Amino acid sequence: MTPGVLKICVCIILLRITFAGRLDGALQMTEDVPVIYVIFNAIPGFTRANIHLAALKNTVYVIYDMKDKNIGKLMASVASSPRVSLFPMARYKEGADAFASIYTHLCPDKTPQRQRQELMNFQRFFVLRDFVEHHHLTRVFYGDGDVSVFGNMTA
Numbered sequence: 010m011t012p013g014v015l016k017i018c019v020c021i022i023l024l025r026i027t028f029a030g031r032l033d034g035a036l037q038m039t040e041d042v043p044v045i046y047v048i049f050n051a052i053p054g055f056t057r058a059n060i061h062l063a064a065l066k067n068t069v070y071v072i073y074d075m076k077d078k079n080i081g082k083l084m085a086s087v088a089s090s091p092r093v094s095l096f097p098m099a100r101y102k103e104g105a106d107a108f109a110s111i112y113t114h115l116c117p118d119k120t121p122q123r124q125r126q127e128l129m130n131f132q133r134f135f136v137l138r139d140f141v142e143h144h145h146l147t148r149v150f151y152g153d154g155d156v157s158v159f160g161n162m163t164a
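Start counting the sequence shown at 10; every next residue gets the next number (the numbering used here).
In structure tokens:
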């Protein structure tokens, strides 16, 4: 199975998660199926727009990388929405870091940028898994930053 096919297969899996949180990471049970975005690097305008769009009808959780130099933009742009909660990624990177220690880059494009991108594509699912396990969650909808969610994922 190629990495692209694997990513597509993993993206369409709905993990059963129900919870709500705020910036401090405190969780409360809710009926919502939250939309989760895992943000590693720069936060493009379309990703911020998609977070806002998803928050119109859903609870949204953003797991973000503390090292991101643009994190201030993310926080400022989404802090106004009461349906968006931010979680620092450092709490959920144990599996991703373990995977990185054994990862072998098999893509024909051996540039450092491509190697980092491919590794992060896998690591985001370990971060998501660790987040789900940490909070004992049962159902979520995961979206890449370029995924626009127009409807309520609970319905």
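All C-beta atoms, glycine included, are put in the ideal place defined by N, C-alpha and C. On a predicted model such as this, the values are computed, not experimentally measured, just so you know.
Within the same chain, H114 come within 6 Å of Q124 by CB-CB distance, once the 5 residues on both sides are set aside. Here F140 is not near F108, since their CB atoms are 8 Å or more apart. Secondary-structure assignment with DSSP links F131 through no beta bridge to anything.
Looking at the DSSP output, V93 shares a beta bridge with V69.
Take D74, set aside five residues on each side of it, and the residues of its chain with a beta-carbon closer than 6 Å to its own are F49 and M98, in chain order. Non-local C-beta neighbours of G54 in its own chain, meaning closer than 8 Å and more than five positions away in sequence, are absent. Of the candidates D41, D155 and R57, D41 places its Cα closest to the Cα of K66. Taking a C-beta distance under 8 Å as the contact criterion, F135 and Y112 do not qualify as a contact pair. The DSSP-derived three-state label of F49 is coil. The criterion of a C-beta distance shorter than 8 Å is satisfied by S90 and A64. Straight-line measurement puts the Cα of S110 at about 31 Å from the Cα of P43. Distance from the CA of N161 to the CA of Q122, rounded to the nearest whole angstrom, comes to 35 Å. DSSP places F150 in the strand class (E or B) of the three-state scheme.
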